[in-house]
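Trainee: Residue numbers (our numbering): 111 to 176.
This is the structure we're talking about:
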């Protein structure tokens, strides 16, 4: 039973490690989405701020969780 518990913990640690290594990539992907939204809405100044916020927040969270 202890062996199964330890194997489960090892799997959880591996999942967290994988998530941490992928965070910068997800942050950059979110940044690209935010920039595409920004470029699509250049004619509407009220939409530029929220699109830029998406780009910056995803960059921040990607680097924070890495």
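Note that the Cβ used here is the ideal one computed from N, Cα and C, for glycine as well.
Here the structure is a predicted model, which means the values were calculated and not measured.
Measure the beta-carbon distance from residue 170 to residue 130 and round it to whole angstroms, keeping in mind my assumption that it falls under 8 Å.
Mentor: On the chain shown, residue 170 is found 60 positions in, with the first residue counted as 1. On the chain shown, residue 130 is found 20 positions in, with the first residue counted as 1. Incorrect: roughly 16 Å between the Cβ atoms, too far for contact.
Trainee: Counting C-beta neighbours from all protein chains within 10 Å, is the total for residue 65 16 or more, i.e. buried, or is it exposed?
Mentor: Past the boundaries of the shown model lies residue 65; the chain is included only from 111 to 176, so the question cannot be answered.
Trainee: Output needed for residue 83: all residues of its chain with C-beta closer than 8 Å, excluding positions within five of it in sequence on either side, in chain order.
Mentor: This structure cannot speak to residue 83, because the chain is shown only from 111 to 176.
Trainee: Report the three-state DSSP secondary structure of residue 121 (helix, strand or coil).
Mentor: Against the chain shown, residue 121 aligns to sequence position 11. Residue 121: helix per DSSP, three-state reduction.
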